[in-house]
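Student: Quick one: this structure, given as C-alpha coordinates, is what I'll be asking you about.
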Amino acid sequence: MKNPISWFEIYVDNMDRACAFYSAMLDVEFTDLVDPSETSLKMKAFPSQMDAYGASGALVWMADMPAGQNSVLVYFACDACAVEEARIEAAGGVVIRPKFDIGDYGFVTLAKDTEGNMFGLHSMA
(Lines of atoms letter the chains of each structure in order from A and count residues from 1; the text may use other names and numbers.)
(Lines give C-alpha, C1' and ligand atoms only; values in the text may rest on other atoms or scores of the structure.)
Protein backbone atom coordinates (compact mmCIF):
# COMPACT_ATOMS: atom_id res chain seq x y z
CA MET A 1 0.00 0.00 0.00
CA LYS A 2 1.19 3.51 -0.76
CA ASN A 3 1.23 6.19 1.91
CA PRO A 4 -2.43 6.52 2.98
CA ILE A 5 -2.57 10.34 2.82
CA SER A 6 -2.69 11.76 -0.70
CA TRP A 7 -4.02 15.34 -0.39
CA PHE A 8 -4.56 18.05 2.20
CA GLU A 9 -6.42 21.34 2.30
CA ILE A 10 -5.71 24.24 4.63
CA TYR A 11 -8.77 26.45 4.98
CA VAL A 12 -8.09 30.18 5.15
CA ASP A 13 -10.05 33.38 5.80
CA ASN A 14 -7.86 35.59 3.61
CA MET A 15 -6.36 33.90 0.53
CA ASP A 16 -3.90 36.70 -0.29
CA ARG A 17 -2.54 36.79 3.26
CA ALA A 18 -2.29 32.99 3.45
CA CYS A 19 -0.54 32.74 0.06
CA ALA A 20 1.93 35.42 1.14
CA PHE A 21 2.66 33.55 4.38
CA TYR A 22 3.18 30.10 2.85
CA SER A 23 5.06 31.53 -0.15
CA ALA A 24 7.46 33.35 2.16
CA MET A 25 7.84 30.45 4.59
CA LEU A 26 8.26 27.67 2.02
CA ASP A 27 9.64 29.68 -0.93
CA VAL A 28 6.95 28.33 -3.27
CA GLU A 29 4.50 29.70 -5.81
CA PHE A 30 0.84 28.72 -5.92
CA THR A 31 -1.35 27.74 -8.88
CA ASP A 32 -5.11 28.39 -9.18
CA LEU A 33 -7.13 25.17 -9.03
CA VAL A 34 -10.52 26.73 -9.71
CA ASP A 35 -11.65 29.56 -11.96
CA PRO A 36 -10.49 32.81 -10.27
CA SER A 37 -13.90 34.36 -11.02
CA GLU A 38 -15.62 31.77 -8.78
CA THR A 39 -17.13 33.63 -5.81
CA SER A 40 -17.86 30.81 -3.32
CA LEU A 41 -14.62 28.82 -3.61
CA LYS A 42 -10.96 29.71 -4.14
CA MET A 43 -8.18 27.12 -4.22
CA LYS A 44 -4.45 27.72 -4.65
CA ALA A 45 -2.33 24.58 -5.06
CA PHE A 46 1.06 24.00 -3.53
CA PRO A 47 3.62 22.90 -6.15
CA SER A 48 3.32 19.18 -6.87
CA GLN A 49 4.12 16.36 -9.23
CA MET A 50 1.23 13.92 -9.50
CA ASP A 51 3.58 10.98 -10.19
CA ALA A 52 6.05 11.82 -7.40
CA TYR A 53 6.26 10.38 -3.89
CA GLY A 54 4.35 12.15 -1.09
CA ALA A 55 1.25 14.25 -0.64
CA SER A 56 0.41 17.70 -1.92
CA GLY A 57 -2.40 20.09 -1.19
CA ALA A 58 -3.96 23.51 -1.45
CA LEU A 59 -4.98 26.61 0.41
CA VAL A 60 -8.78 26.87 0.28
CA TRP A 61 -11.20 29.71 0.91
CA MET A 62 -14.82 28.59 0.91
CA ALA A 63 -17.88 30.62 1.85
CA ASP A 64 -19.19 29.59 5.29
CA MET A 65 -16.06 27.55 6.13
CA PRO A 66 -14.00 29.59 8.61
CA ALA A 67 -10.32 28.88 9.14
CA GLY A 68 -8.93 27.63 12.42
CA GLN A 69 -11.64 25.13 13.30
CA ASN A 70 -10.88 21.69 11.90
CA SER A 71 -9.60 23.63 8.92
CA VAL A 72 -7.06 21.11 7.65
CA LEU A 73 -8.71 18.39 5.59
CA VAL A 74 -6.80 15.13 5.08
CA TYR A 75 -7.57 12.94 2.06
CA PHE A 76 -6.85 9.22 2.18
CA ALA A 77 -5.69 7.59 -1.06
CA CYS A 78 -7.93 4.80 -2.36
CA ASP A 79 -8.09 2.63 -5.46
CA ALA A 80 -11.81 3.46 -5.77
CA CYS A 81 -13.17 5.79 -3.08
CA ALA A 82 -16.69 4.34 -3.39
CA VAL A 83 -15.39 1.15 -1.73
CA GLU A 84 -14.23 2.92 1.44
CA GLU A 85 -17.25 5.25 1.29
CA ALA A 86 -19.51 2.20 1.58
CA ARG A 87 -17.84 1.31 4.91
CA ILE A 88 -18.15 4.74 6.58
CA GLU A 89 -21.63 4.57 8.10
CA ALA A 90 -21.22 0.98 9.31
CA ALA A 91 -18.07 2.10 11.13
CA GLY A 92 -19.96 4.94 12.86
CA GLY A 93 -19.10 7.82 10.53
CA VAL A 94 -21.25 10.00 8.27
CA VAL A 95 -20.94 10.59 4.53
CA ILE A 96 -21.17 14.36 4.00
CA ARG A 97 -20.80 14.40 0.22
CA PRO A 98 -20.86 11.10 -1.69
CA LYS A 99 -18.29 10.37 -4.38
CA PHE A 100 -18.07 13.22 -6.89
CA ASP A 101 -15.97 13.99 -9.94
CA ILE A 102 -13.14 16.52 -9.70
CA GLY A 103 -12.21 16.38 -13.37
CA ASP A 104 -8.66 15.45 -14.33
CA TYR A 105 -7.85 14.95 -10.64
CA GLY A 106 -10.18 11.96 -10.11
CA PHE A 107 -12.94 11.53 -7.55
CA VAL A 108 -13.55 12.53 -3.93
CA THR A 109 -15.86 11.58 -1.05
CA LEU A 110 -16.20 13.86 2.00
CA ALA A 111 -17.14 12.35 5.36
CA LYS A 112 -16.93 12.78 9.14
CA ASP A 113 -15.38 10.31 11.52
CA THR A 114 -16.81 9.24 14.87
CA GLU A 115 -15.24 12.30 16.52
CA GLY A 116 -16.77 14.81 14.12
CA ASN A 117 -13.58 15.40 12.12
CA MET A 118 -14.09 15.86 8.40
CA PHE A 119 -11.84 13.91 6.03
CA GLY A 120 -11.76 13.01 2.37
CA LEU A 121 -11.26 9.92 0.26
CA HIS A 122 -9.52 10.35 -3.11
CA SER A 123 -9.17 8.01 -6.07
CA MET A 124 -8.60 8.23 -9.79
CA ALA A 125 -11.46 5.76 -10.42
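Under full-length UniProt numbering, the sequence shown is numbered contiguously, ending at residue 125.
Glycine included, each C-beta is placed from N, C-alpha and C at the ideal position.
Just so it is clear, the structure is predicted and the values come from calculations on it, not from any experiment.
Do the segment 38–47 and the segment 103–115 make contact, defined as three or more Cβ pairs closer than 8 Å?
Tutor: no
Student: Report the option in 120, 23 and 12 whose CA atom is closest to the CA atom of residue 78.
Tutor: Here residue 78 refers to the residue found at position 78 when the sequence shown is read from its first residue. Of 120, 23 and 12, the residue nearest in Cα terms is 120.
Student: If you draw a straight line from the C-alpha of residue 105 to the C-alpha of residue 124, how long is it?
Tutor: Translated into positions along the sequence shown, residue 105 becomes position 105. Translated into positions along the sequence shown, residue 124 becomes position 124. Answer to the nearest angstrom: the Cα atoms are 7 Å apart.
Student: Could you check how far apart the C-beta atoms of residue 68 and residue 8 are, in whole angstroms? I think they sit under 8 Å.
Tutor: Locating residue 68 in the sequence shown gives position 68, where the first residue counts as 1. Locating residue 8 in the sequence shown gives position 8, where the first residue counts as 1. Not confirmed; about 16 Å, so no contact.
Student: Check this for me: beta carbons of residue 100 and residue 5, under 8 Å apart or not?
Tutor: In the sequence shown, residue 100 corresponds to position 100, counting from 1. In the sequence shown, residue 5 corresponds to position 5, counting from 1. Result no, Cβ atoms of residue 100 and residue 5 do not sit closer than 8 Å.
Student: Would you kindly work out how many angstroms separate the C-alpha atoms of residue 103 and residue 59, rounded to a whole number?
Tutor: Position 103 of the sequence shown holds residue 103. Position 59 of the sequence shown holds residue 59. Answer to the nearest angstrom: the Cα atoms are 19 Å apart.
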